[in-house]
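Q: Sharing a structure here in structure tokens format.
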Amino acid sequence: MGRCGRGSITLRCVAMAGIGATACNQIFALVDVNNFYVSCERVFNPALENKPVVVLSNNDGCAVARSNQVKALGIKMGTPWFKFKDLAKEHNIIVLSSNYTLYGDMSDRVMTILRGYSPNVEIYSIDESFLSLNGMSSLWPAAVDMGQSIRYRVRKWTGLPVCVGIGPSKTLAKLANHLAKTRPEMEGVCDLVSMPQAELDAYLSTTEVGEVWGVGRRIGAHLDAAGIKTAKALRDAPPSWLRAKFGVVMERTGNELRGASCLALEEITAPRKQIVSSRSFGQLVHTLAVLSESVTSYMTSAAEKLRRQRSVCEAVQVFIATNPFREQDAQYSNSITVPLPNPSCDTRLLVRAALFGLKKIYRPGLAYKKAGVMLTGIGDAGVIQRSLLVQHGVGEKSEKLMEAMDALNRRFGRNTVAIASAGTNRAWRMRRECMSPCYTTSWNDVPIVHADH
DNA sequence: TCTGGGGTCCTAGGACCC
DNA sequence: TCTGGGGTCCTAGGACCC
Numbered sequence: 001m002g003r004c005g006r007g008s009i010t011l012r013c014v015a016m017a018g019i020g021a022t023a024c025n026q027i028f029a030l031v032d033v034n035n036f037y038v039s040c041e042r043v044f045n046p047a048l049e050n051k052p053v054v055v056l057s058n059n060d061g062c063a064v065a066r067s068n069q070v071k072a073l074g075i076k077m078g079t080p081w082f083k084f085k086d087l088a089k090e091h092n093i094i095v096l097s098s099n100y101t102l103y104g105d106m107s108d109r110v111m112t113i114l115r116g117y118s119p120n121v122e123i124y125s126i127d128e129s130f131l132s133l134n135g136m137s138s139l140w141p142a143a144v145d146m147g148q149s150i151r152y153r154v155r156k157w158t159g160l161p162v163c164v165g166i167g168p169s170k171t172l173a174k175l176a177n178h179l180a181k182t183r184p185e186m187e188g189v190c191d192l193v194s195m196p197q198a199e200l201d202a203y204l205s206t207t208e209v210g211e212v213w214g215v216g217r218r219i220g221a222h223l224d225a226a227g228i229k230t231a232k233a234l235r236d237a238p239p240s241w242l243r244a245k246f247g248v249v250m251e252r253t254g255n256e257l258r259g260a261s262c263l264a265l266e267e268i269t270a271p272r273k274q275i276v277s278s279r280s281f282g283q284l285v286h287t288l289a290v291l292s293e294s295v296t297s298y299m300t301s302a303a304e305k306l307r308r309q310r311s312v313c314e315a316v317q318v319f320i321a322t323n324p325f326r327e328q329d330a331q332y333s334n335s336i337t338v339p340l341p342n343p344s345c346d347t348r349l350l351v352r353a354a355l356f357g358l359k360k361i362y363r364p365g366l367a368y369k370k371a372g373v374m375l376t377g378i379g380d381a382g383v384i385q386r387s388l389l390v391q392h393g394v395g396e397k398s399e400k401l402m403e404a405m406d407a408l409n410r411r412f413g414r415n416t417v418a419i420a421s422a423g424t425n426r427a428w429r430m431r432r433e434c435m436s437p438c439y440t441t442s443w444n445d446v447p448i449v450h451a452d453h
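In UniProt numbering, the protein residues as written are 1 to 453.
Printed below as a string of structure tokens:
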């Protein structure tokens, strides 16, 4: 067990079986744009500055971003628009529809600036990034100064306000960011690494446990019932108790709060393991024809995402649901997974599979509110192909086939091979022989709907 | 009348295999 | 009057995040 003192905090790096504590002496910064969507809108319309502003979700369904003035009125994230319409009128709240293209572009600008501060950046979401500050102490002897510099530069270059939290683990950096946002005296930057222990304890004991990253509504309520009401109480709870009661994830959160970094910086964005495309409808939908149109359009964009990350998928899932808020209506929701004969990223094939599934789960006489598709079994084309062959018992016997595939891989790139090999007689025949009947279900009779007009 | 969309990980239980 | 043990894979459900 080693001891690593940093500033006046004393941290113990605990050896944790199965928890995977990374090295000591990590320092993370979390940079987060305040009220991101609202701030983006303000950059392009300065008249919104210092006014109450809300950005609404798709179909203008509910609030997804709120200015501080709106938060002060008690309007919560996700509040349906119709529920605060009157309040909005009363307080002259400016209500905007969302513009995700704009927000994505602004996000890129911020992330580019952050890369100028650290070579190790993890883009965690559209409006926040973790930076590794390891080895930065000679450049920035006081991390707070770096935080202020980030705030100044991002504001100056993009017009967006950010807050910076600094801590010895990601969870503490998140907590620091929360403090930087909510305690005006911190002026937007909070460094827990150099904070004296007594002050840190004081902050943690006035922070509700639900504010801790990884503690949601459900577990928050359970912790509360068990007497763990603050971040400090969670930090000081016995790890074995946390594990027994809440599982490994919460045990890790406890360790992170004690300053033992268990979550590493993930700089490389891993390819998605599932890709979803779904929407709620503006109006209720009754017919298979309209549902088919939507599903076709969702699948088109999902397949685009799949190809953009150079993957293929093994199955598509399609789901539909009625409106659960309309209790007077008959309720129905269902989903079906349609396996593909071969891993693919071909839009037409995926659309056909989805429509085949949709037809199976569609029930007439209902009012549908939502539909969507999910691509599953996503992986690198070459790897999936190989694992399928092995799984079906032809692995060892088809060395030559493997060699041929590898050669094709080298020549055309991985995606090409998955599709091309589906067409080769030998591969196809072998697969057909080994497949279970469900894989050979024919959905070729489902008409192709052209999504790209 | 009107309630977002897109992800991740963990766990438990069943099927199946040797 | 008694029913192995260990492993993998798959799925569903529950929790969390933004």
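Just so it is clear, CB atoms sit at the ideal spot from N, CA and C, and this is done for glycine as well.
Do Asp380 and Ser311 come within 8 Å of each other at the CB atom, strictly closer than that value?
A: Yes, Cβ-Cβ distance for Ser311 and Asp380 is below 8 Å.
Q: Pull up the distance between the alpha-carbon of Val53 and that of Val43, whole angstroms please.
A: Near 13 Å, if we compare the C-alpha coordinates of Val43 and Val53.
Q: Quick check on Lys232: does DSSP put it in helix, strand or coil?
A: If DSSP states are grouped into helix, strand and coil, Lys232 belongs with the helices.
Q: How many angstroms separate the CA atom of Ala23 from the CA atom of Ile113?
A: Annotation note: pLDDT 49 at Ala23 (below 50); position unreliable, coordinate value reported separately. Cα to Cα, Ala23 sits roughly 27 Å from Ile113.
Q: Using the C-alpha atoms, what's the distance from Gly188 back to Thr207?
A: C-alpha separation (whole angstroms): 17 Å.
Q: If you draw a straight line from the C-alpha of Met111 to the C-alpha of Tyr117, how long is it?
A: Cα-Cα distance, rounded: 10 Å.
Q: Tell me which residues share the same chain as Gly282 and place their Cβ nearer than 7 Å to its Cβ, disregarding the 5 neighbours each side in the sequence.
A: The answer, listed in chain order, is Asn59.
Q: With a CB to CB cut of under 7 Å and the five nearest residues on each side skipped, what residues in its chain are close to Asp329?
A: Correct list, in chain order: Thr322, Asn323, Ala367.
Q: Determine the direct distance from the alpha carbon of Val215 to that of Thr230, and round the result to whole angstroms.
A: So the alpha carbons of these two residues sit roughly 11 Å apart.
Q: Whole angstroms are fine: how far does the CA of Trp140 sit from the CA of Cys262?
A: Between Cys262 and Trp140, the C-alpha separation is close to 25 Å.
Q: What are the boundary residues of the alpha helix (DSSP H) that includes Met106?
A: Unbroken alpha helix (DSSP H) run through Met106: 100 to 115.
Q: If you follow the beta strand (DSSP E) that Thr322 is in, where does it begin and where does it stop?
A: Its beta strand (DSSP E) spans residues 313 to 322.
Q: How about Cys313 and Pro341: are their beta carbons less than 8 Å apart?
A: Contact flag unset, no.
Q: From Thr424 to Lys359, what distance separates their C-alpha atoms?
A: Summary for Thr424: the model assigns pLDDT 28, below 50, so the residue's position carries little reliability; its value from the coordinates is reported in the next sentence. Taking the straight line joining both Cα atoms gives about 31 Å.
Q: Near Met186, which residues of its chain fall below 7 Å by C-beta distance, leaving aside the five closest residues on each side in sequence?
A: These residues qualify, in order along the chain: Leu179, Ala180.
Q: Within a Cβ cutoff of 6 Å, which residues of the same chain sit near Asn377, ignoring the five residues on either side of it in sequence?
A: Residue identity differs from the one stated: residue 377 is Gly in this sequence, not Asn. So the qualifying residues of the chain are Cys313, Glu314, Ala315.
Q: CB of Ser138 to nearest heavy atom of the ligand NAD: below 7 Å?
A: By its list of ligands, the structure shown contains no ligand whatsoever, and the ligand NAD lies outside what it can speak to.
Q: What does the Cβ neighbour count give for Leu172, buried or exposed, with the cut at 16 atoms within 10 Å?
A: The residue is buried, with at least 16 neighbouring Cβ atoms inside 10 Å.
Q: Secondary structure at Ala29, three-state DSSP: helix, strand or coil?
A: Strand, per DSSP.
Q: Identify the residues that DSSP records as bridge partners of Asp191: which are they?
A: According to DSSP, which records beta bridges pairwise, Asp191 is partnered with Ile166.
Q: With burial defined as no fewer than 16 other Cβ atoms inside 10 Å of the residue's Cβ, what is the status of Glu128: buried or exposed?
A: Label assigned to Glu128: buried.
Q: Expressed to the nearest angstrom, what Euclidean distance is found between the alpha-carbon atoms of Leu87 and Ser240?
A: Taking the straight line from one Cα to the other gives about 47 Å.
Q: Using the C-alpha atoms, what's the distance from Gln197 back to Gly18?
A: Residue placement at Gly18 cannot be trusted, given a pLDDT of 33 that sits under 50; what the coordinates show is reported in the next sentence. Going from the Cα of Gly18 to the Cα of Gln197 covers about 29 Å.
Q: Within 8 Å, do at least three Cβ pairs link the stretch 56 to 72 to the stretch 94 to 104?
A: Touching, yes.
Q: Find out if the Cβ-Cβ distance for the pair Met250, Leu242 is shorter than 8 Å.
A: Yes, the Cβ-Cβ distance between Met250 and Leu242 is below 8 Å.
Q: If you drop the 5 nearest sequence neighbours on each side, which residues of the same chain put their C-beta closer than 7 Å to that of Val31?
A: Taken in chain order, the residues that qualify are Leu114, Glu128, Ser129, Leu131, Ile150, Val162, Val164.
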